[in-house]
Structures are given as C-alpha cells and as structure tokens.
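Below is one structure, written out as structure tokens; comments come after it.
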Amino acid sequence: MAVATFPIGPLQTNSYLIHCTDRAVAIDVGGDPAPMLEYLKTHSLKLDAICITHRHFDHMYGVAALEDATGVFAYVPQDDDSLAGTESGKGGVWGFPEVPEFTSCPIPIGKTILGEMVCEVLKTPGHTPGGVSLYFPEEKAVFTGDALFYRSIGRTDFPGGDHDTLLRSVRDVLFKLPAETLVYPGHGPTSKIGDEAANNPFCGEFRP
Numbered sequence: 132m133a134v135a136t137f138p139i140g141p142l143q144t145n146s147y148l149i150h151c152t153d154r155a156v157a158i159d160v161g162g163d164p165a166p167m168l169e170y171l172k173t174h175s176l177k178l179d180a181i182c183i184t185h186r187h188f189d190h191m192y193g194v195a196a197l198e199d200a201t202g203v204f205a206y207v208p209q210d211d212d213s214l215a216g217t218e219s220g221k222g223g224v225w226g227f228p229e230v231p232e233f234t235s236c237p238i239p240i241g242k243t244i245l246g247e248m249v250c251e252v253l254k255t256p257g258h259t260p261g262g263v264s265l266y267f268p269e270e271k272a273v274f275t276g277d278a279l280f281y282r283s284i285g286r287t288d289f290p291g292g293d294h295d296t297l298l299r300s301v302r303d304v305l306f307k308l309p310a311e312t313l314v315y316p317g318h319g320p321t322s323k324i325g326d327e328a329a330n331n332p333f334c335g336e337f338r339p
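Numbered per our numbering, the sequence shown spans residues 132 to 339.
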C-alpha cells in the first residue's frame, strides 16, 4: 500500500491518500486539497472514498473542495453528529474560518472494502464521542486520527471528549493490533503500535 501524506490546513493536519491499485482513498482533508488532486492526477488514480476519522474542523476544511473536484462524498462517524453544530465541529473558533458544507454519510463500522483494500473501521472514541481508526490488516497500517500520536494521545478538553474513554480506546483497541502495525496519526510523525505500547508516556494510565 502506498501512503502519501499531506500536512495541510491551519493546523497542519496529516491528510492522507492511500492506494494499492489505481483506486485511492482520502483520509481526513485538513485544508486546500490541491496537492492531493495533483497526486491523484500524476499517479492516474481514481478516488473511491473520503473518510473522516472524527468531526473536528481541522480534519474537514478541504472535504467540500475535494468532493466538488471528484464527485466522491465523505464518510463521517455517525456518533460525532452531535458535534456538527459546535465550534469544534464546524470551525469559527480561535479566529479560524468555518468548514464549508459537504455531503456525508455514516462510515460503516467493522470490516469493509475501501479502494479495493480490506479495512476494519474501529471505534476509538474519547477525543470525540464517535472517533474511529481505520485499520488495514493486510498492509499492517492504522490511521488513528487524533486518538493516538507519536508519544502522545489526543486532547479530551473539547466538547464530547472523555479522557478515560480515550485511554480505553488506546489500550483495548489500538494496542491489541499487531506490534508491527504502522501508526499514521492526524498530526506529527508516524510510529508503530509496539513502539507506542512500550514508550508512550501515557502508558502508565493504560493499565486497568
């Protein structure tokens, strides 16, 4: 699986294009998708889906523009619908603009096919009520949004956040994945599940 990373938007959100054939999937679109569209064109890829890991404004700024350019709608976690009308969900906070409206439908939980790749959509709430991670078992890769970062975890002081819930998501869901699984977070560098399980400074809190 090829993974192209685009740190875009006002908070440099890691926006991803992944593909293993000529079908691609976009994961989070944090800003102007022009470099993502150029990548699709250069590599002769057809976009199959846009997947959003959680409904925070910095992960959705470019969704409408990517939809307009490709005709592909976005999958968004249904349990984050309560955030749609909040500033953390629609933007407009801290001087940032609001998120342009886009078409969406609920992302399917469990095993599905995205871009001709097997994907397991895992519930990993805590940063938001409905946050998900996208695990590709054949490629040993997981896209964690803002649930798990290199040596850190997501904030839980926004509306709908819950620290204990996030700890359980990391400990009981993400850390159960194979140790060699590559972690592609919503911000910052990549890591591996085993590396985070051994070295993440929050690990002391992960124990029951």
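Note that the Cβ used here is the ideal one computed from N, Cα and C, for glycine as well. Fair warning: this is a prediction, and the values are worked out from it, not measured in the lab.
Worksheet item: In three-state DSSP terms, what is THR144?
Response: Indexing the sequence shown from 1 puts residue 144 at position 13. Note: THR144 maps to strand in three-state DSSP.
Discussion item. So, under 8 Å CB-CB, ILE149 and MET132 are touching, yes? Tell me the CB distance rounded to an integer number of Å.
Written reply: Within the sequence shown, numbered from 1, the residue matching residue 149 stands at position 18. Within the sequence shown, numbered from 1, the residue matching residue 132 stands at position 1. The Cβ separation is near 6 Å, so the contact holds.
Worksheet item: So MET191 is in the alpha helix (DSSP H); what residue range does that whole segment cover?
Response: Start at 1 with the first residue of the sequence shown, and residue 191 comes out as number 60. Element bounds for MET191: n/a, residue is neither H nor E.
Practice prompt. Spell out the partners DSSP gives GLY317 in its beta bridges.
Written response: Walking along the sequence shown from the start, residue 317 turns up at place 186. DSSP lists no partner for GLY317.
Item to complete: Output yes or no for whether 8 Å exceeds the beta carbon distance between SER322 and THR255.
Response: Numbered from its first residue, the sequence shown carries residue 322 at position 191. Numbered from its first residue, the sequence shown carries residue 255 at position 124. Against a cut-off of 8 Å, the Cβ pair of THR255 and SER322 comes out as no contact.
Worksheet entry | CA nearest to the CA of TYR147, picked from GLY140, ARG154, VAL134 and PRO141 | Counted from its first residue, the sequence shown places residue 147 at position 16. If we check each option's Cα against that of TYR147, VAL134 comes out closest.
Worksheet entry | Where ALA328 sits in the DSSP three-state scheme | Stepping through the sequence shown from its first residue, residue 328 is reached at position 197. The answer is helix: DSSP assigns ALA328 an H, G or I state.
Worksheet item: Rounded C-beta distance between GLY317 and ASP212? I'm assuming under 8 Å.
Response: Working through the sequence shown from its first residue, we reach residue 317 at position 186. Working through the sequence shown from its first residue, we reach residue 212 at position 81. So it is not a contact: roughly 20 Å between Cβ atoms.
Worksheet item: Alpha carbon to alpha carbon, what distance is there between ARG154 and ASP326?
Response: For the purposes of this step, residue 326 is taken as the residue at position 195 of the sequence shown. For the purposes of this step, residue 154 is taken as the residue at position 23 of the sequence shown. In a straight line, the C-alpha of ASP326 is about 31 Å away from that of ARG154.
Worksheet item: Can you list, in chain order, the residues of its chain whose CB lies under 6 Å from that of GLU218, leaving out five sequence neighbours each side?
Response: In the sequence shown, residue 218 corresponds to position 87, counting from 1. Once the five neighbours on either side are set aside, the close Cβ partners of GLU218 are VAL224.
Discussion item. Which residues does DSSP list as the beta-bridge partners of ARG299?
Written reply: Position 168 of the sequence shown holds residue 299. Answer is none; ARG299 lacks a bridge partner.
Worksheet item: Would THR173 be called buried (16 or more neighbouring beta carbons within 10 Å of its own) or exposed?
Response: Reading the sequence shown from its first residue, position 42 is the one you call residue 173. By the 10 Å Cβ count, THR173 comes out exposed.
Practice prompt. Between the Cα of VAL207 and those of LEU178, PRO268, THR259 and ARG186, spot the shortest distance and give me the residue it belongs to.
Written response: Residue numbering aside, residue 207 sits at position 76 when the sequence shown is read from its first letter. Taking only the C-alpha atoms, the option nearest VAL207 is ARG186.
Worksheet entry | Coil, strand or helix - HIS294 by DSSP | Taking the sequence shown and counting its residues from 1, the one referred to as residue 294 is at position 163. DSSP places HIS294 in helix when its eight states are reduced to three.
Worksheet item: Taking DSSP as the reference, what is the three-state secondary structure of PHE306?
Response: Position 175 of the sequence shown, counted from the first residue, corresponds to residue 306. In the structure shown, PHE306 sits in a helix (DSSP, three-state: H, G or I).
Practice prompt. Keeping to the same chain, check which residues put their C-beta closer than 6 Å to that of LEU267; ignore five residues upstream and five downstream.
Written response: Start at 1 with the first residue of the sequence shown, and residue 267 comes out as number 136. Before going further, note that residue 267 is Phe rather than Leu in the sequence given. Within the same chain, PHE267 has close Cβ partners MET248 and CYS250.
Discussion item. Helix, strand or coil, according to DSSP, for ALA135 in the structure here?
Written reply: Stepping through the sequence shown from its first residue, residue 135 is reached at position 4. If DSSP states are grouped into helix, strand and coil, ALA135 belongs with the strands.
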